[in-house]
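Visitor: Just dropping this structure here.
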Amino acid sequence: MDSRYDRPVRTLLSLIIGSVAWLAAPSLPAQDFTLPDLGSSAESLATPEELRRYGRQLLGSFRQAGLLFDDPLLDEYIETLGYRLVAHGRRPDQHFKFFLIRDRTVNAFAAPGGYIGTYAGMVLLTEREDELAAVLAHEVAHITQNHTLRGAESASKASLPIMLGMLAAMVAASQSSSSSSGDAAQAAIMGGMGLMQQAQINYTRANEYEADRIGIQTLAGAGFDPFAQADVWVRMSRFARNYGVSPPEILRTHPFESTRIVEAKARAEGMTVVPRQDTVGSGHDGRYELFRERLRILTNGSSRDLVGYYRDRLDADPDSIYDRYGLALALSQRDSFNEATRLATGLVEAHPDTLAFALLLADIDGRNGREAQALARYRELNTRHPDRAAILAPYAELLLKHGDVDDATLAANLLRPLIDRDTDHAKLYALIGRAYEISGDENRAAEAHALSAAYNGRFEDSLVQFERLQRRSDLDYYQRARVQARITELMPIVLEIRRRPSSASRG
Ligand SMILES: [Zn+2]
């Protein structure tokens, strides 16, 4: 995205670039200049391993601030859509990680290392999957064309170490608060966004045009409607005007938006769209619509009741399965189980192959005193769709509910293959940790809990747990090697955190 529309942070890392530049030169105006092609020198700023480490910290900070959903069904959707675009982009072998941010801001960003964050507000602004794909394709292009690293280099030669330090400071600030609340971290991130807004550090205009140009090729190559790029840019510019999220003078003085929209349309007219062969993520199979309604409800929290919203929509269109799903989910969120069960049962009967409906019904059963029935549903779903986190996470959670050893052993056996594939699902580590704990495997439980701490942005805590584990004499060879590798990885992060004044002052 272009932050001229909606300033908030493109990335924690870029906001840190922003804040560094802002501190150095508060009156620096936004500039458009073309950088020389830095090529490999930009990449040599950090190794791929370092970039992934920053990325993991970035995710950990977001998670600790309560800004991630950690909902496997939502994660699965955005990852599938993202990787589909990556496969048709310029560098299909590069590392990417797609995630969603629980915030109504209309923006998306790309961070070094291939970390692409999409705000819930951005998803909810789109009206079809092709538009969301256009946004992701644009961000993927920022990564494949090395814009994020060039941005870092243009801010300061030393910016990556500084970014790491400031990121660590934010993490430390959040850790010094009550562990039960992510408010401090959230405040730190929001404060950083303010700095970012003042710093006006953006991709250059040339970067934006290039990301549009390459993004639209990726979009069409992956079988999406290339006109969706212009459509979503129009939507964003209208949104910015209507809600004043961007200073109006910026929209007035920058020919950029109308030019970009005109160019996006012209480009789309000259493109041949490759028809999609499969239906993964396709707007026509309804996955996008179900994803969007789920996201709408999970973003909402308890702040507003969406039951009325869906009832109104169903009055206008009683046959919409998306609104019926939304209503059932909204009702189940506020424990109105009877009507939710009736709606979900109807959806499952009419669409037995739609996983989102089946999972909703199982979830309602599990929370509504019909645990045996819920377990049977999860078991059956797991047979039909093996190794899916969206099924195994709630299944394991229910198995662990009563602390039964056999159930816990089953849960551990179900989760282990997923974990062995090194998924980034922080929630799974917490679950398998509990499963090992109940089934009596202390060392594996300790390892899972330590990992869970790291994925949740509690790096010092995680290091302490790994070091304690390392001192045990009864680790097997492989576990000891894994523990050692984690300590090596965590040490530089924690040293950086300890160097920060905000961390030192809390003793
Ligand atoms: Zn952009």
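For what it's worth, my numbering labels the leading residue of the sequence shown as 4, then goes sequentially. Just so it is clear, CB atoms sit at the ideal spot from N, CA and C, and this is done for glycine as well.
Could you check whether the Cβ of V89 sits closer than 8 Å to any heavy atom belonging to ligand 2?
Guide: Here the bound small molecules are ligand 1; ligand 2 is not part of this structure.
Visitor: Excluding the 5 residues flanking A396 on each side, which residues of the same chain have their C-beta closer than 7 Å to its C-beta?
Guide: P75, K430, L431 and L434
Visitor: Secondary structure at L71, three-state DSSP: helix, strand or coil?
Guide: DSSP, read as helix, strand or coil, puts L71 in strand.
Visitor: Quick one: what's got a C-beta closer than 6 Å to L62's C-beta in the same chain, skipping five residues either side?
Guide: In the same chain as L62, and ignoring 5 residues on each side of it, no C-beta atom comes closer than 6 Å to its own.
Visitor: Rounded to whole angstroms, what's the CA-CA distance from G226 to M494? Just pull it up for me.
Guide: 44 Å
Visitor: Based on Cα-Cα distance, which residue from E352, K268, A347 and D356 lies nearest to D366?
Guide: A347
Visitor: Under 8 Å Cβ to Cβ from F102, same chain only, skipping five residues before and after it: list those, please.
Guide: L62, F65, L71, D78, I81, Y118, I119, G120 and T121
Visitor: Examine ligand 1 and report whether any of its heavy atoms sits within less than 8 Å of the Cβ of E142.
Guide: In this structure, ligand 1 has a non-hydrogen atom nearer than 8 Å to the beta-carbon of E142.
Visitor: Can you look up L478 in the DSSP assignment and give me helix, strand or coil?
Guide: coil
Visitor: Distance, Cα to Cα, E499 vs D464?
Guide: Roughly 14 Å between the two C-alpha positions.
Visitor: Should D423 go down as buried or exposed, given a rule of 16 or more other Cβ atoms within 10 Å for buried?
Guide: Under this definition D423 is an exposed residue.
Visitor: Verify whether the separation of the beta carbon atoms of T147 and Q97 is less than 9 Å.
Guide: Yes, Cβ-Cβ distance for T147 and Q97 is below 9 Å.
Visitor: List the endpoints of the continuous alpha helix (DSSP H) containing A225.
Guide: Counting along the chain, A225 falls outside any alpha helix (DSSP H), and DSSP gives it neither H nor E.
Visitor: Please find out if some non-hydrogen atom of ligand 1 comes closer than 8 Å to the beta-carbon of N210.
Guide: Result yes, Cβ under 8 Å from ligand 1.
Visitor: When we look at the beta-carbon of Y480 and count the other beta-carbons within 10 Å, is it buried (16 or more) or exposed?
Guide: The residue is exposed, with fewer than 16 neighbouring Cβ atoms inside 10 Å.
Visitor: Note down, in chain order, each residue of its chain lying with its Cβ closer than 8 Å to the Cβ of I264, except the 5 sequence neighbours on either side.
Guide: A233, W236, V237 and S240
Visitor: Could you check the C-alpha separation between A220 and P229 for me, to the nearest Å?
Guide: The question names Ala, but residue 220 in the sequence shown is Gln. One C-alpha to the other measures close to 8 Å.
Visitor: Grouping DSSP H, G and I as helix and E and B as strand, with all else coil, what is D85?
Guide: The sequence shown places Gly at residue 85, rather than the Asp named in the question. Reduced to three states, the DSSP call for G85 is helix.
Visitor: Thinking C-beta only, is I490 closer than 9 Å to Q473?
Guide: yes
Visitor: If we require 4 or more residues per run, which alpha helix (DSSP H) segments fall completely within the stretch 387-473?
Guide: 392-402, 408-423, 429-442, 445-458 and 462-473
Visitor: Do T344 and N385 have their C-beta atoms closer together than 9 Å?
Guide: no
Visitor: Indicate the three-state DSSP secondary structure (helix, strand or coil) for T121 in the structure shown.
Guide: strand
Visitor: Measuring only the C-alpha atoms, how far is D390 from R419?
Guide: 10 Å
Visitor: Which residues mark the beginning and the end of the beta strand (DSSP E) in which L103 is found?
Guide: Its beta strand (DSSP E) spans residues K100 to I104.
Visitor: Any heavy atom of ligand 1 closer than 8 Å to the CB of A453?
Guide: no
Visitor: Could you tell me the distance, in whole angstroms, from the CA atom of A392 to the CA atom of Y325?
Guide: 22 Å
Visitor: Would you call R87 buried or exposed, if buried means 16 or more other Cβ atoms sit within 10 Å of its Cβ?
Guide: buried
Visitor: At a cut-off of 8 Å, would you count A214 as near ligand 1, judging by its Cβ distance to the nearest heavy atom?
Guide: A214 Cβ: within cutoff of ligand 1.
Visitor: Is there at least one non-hydrogen atom of ligand 1 closer than 8 Å to the beta-carbon of H145?
Guide: yes
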